[in-house]
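In our numbering, the protein residues as written are 1 to 207.
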């Protein structure tokens, strides 16, 4: 029994040591793919294509929001790009829907963590500032999403603590709307400024 326990603990240590390197490898691969993608496509042609087919741009936007929500890649540039492409109203709707759907999936993932070990055991391993959070406070849920990484991490933490679903849903949706509106309206204003400075190079946004 001791030997089996020692082997198991050694395997866990080796696995934990490999995880950082695995993440680094995936980050490098992702960066290479992004670089190849951006250099292989004519961005002007892509913008023209997406402007001609608004439905395609919305579907791609939703997919990108959903995928980036599981990474540390910020989705802010996507919101600004969509605002420039299809107008702020469309960008706000797509950003809110995509980020909210991703948050629901992350919330569900958080609820499954309690099935692996008891909450008490896991909570004791969390950093001190995460052990006594007012997780059911709407004010806390709203403010926490303004912090760096809040949008990415709070959904899983809320699921882990089994925050009331309706409270989680409306606070998440509210902050997604506020964030998307701030970025989309700012992006539209930026485009108007660029159009005045470089009128021959800019594409007109959709209203």
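Note that the Cβ used here is the ideal one computed from N, Cα and C, for glycine as well.
CB of residue i within 9 Å of CB of residue j, strictly
i           : j           : result
residue 169 : residue 88  : no
residue 63  : residue 80  : no
residue 76  : residue 69  : no
residue 104 : residue 144 : no
residue 141 : residue 100 : no
residue 109 : residue 159 : yes
residue 98  : residue 153 : no
residue 187 : residue 102 : no
residue 157 : residue 135 : yes
Counted within 10 angstroms of its Cβ, other Cβ atoms place residue i as buried (16 or more) or exposed
i           : result
residue 94  : buried
residue 67  : exposed
residue 179 : buried
residue 216 : The structure shown does not extend to residue 216, since the chain is modelled only from 1 to 207, so the question has no answer here.
residue 112 : exposed
residue 59  : exposed
residue 96  : buried
residue 120 : Because residue 120 sits at a pLDDT of 49, beneath the cut-off of 50, its placement in the model cannot be relied upon, and the following sentence gives the value as read from the coordinates. Residue 120 is exposed by the Cβ-count criterion.
residue 146 : exposed
residue 85  : buried
Endpoints, alpha helix (DSSP H) assigned at residue i
i           : result
residue 56  : 54-68
residue 90  : 88-112
residue 143 : 138-144
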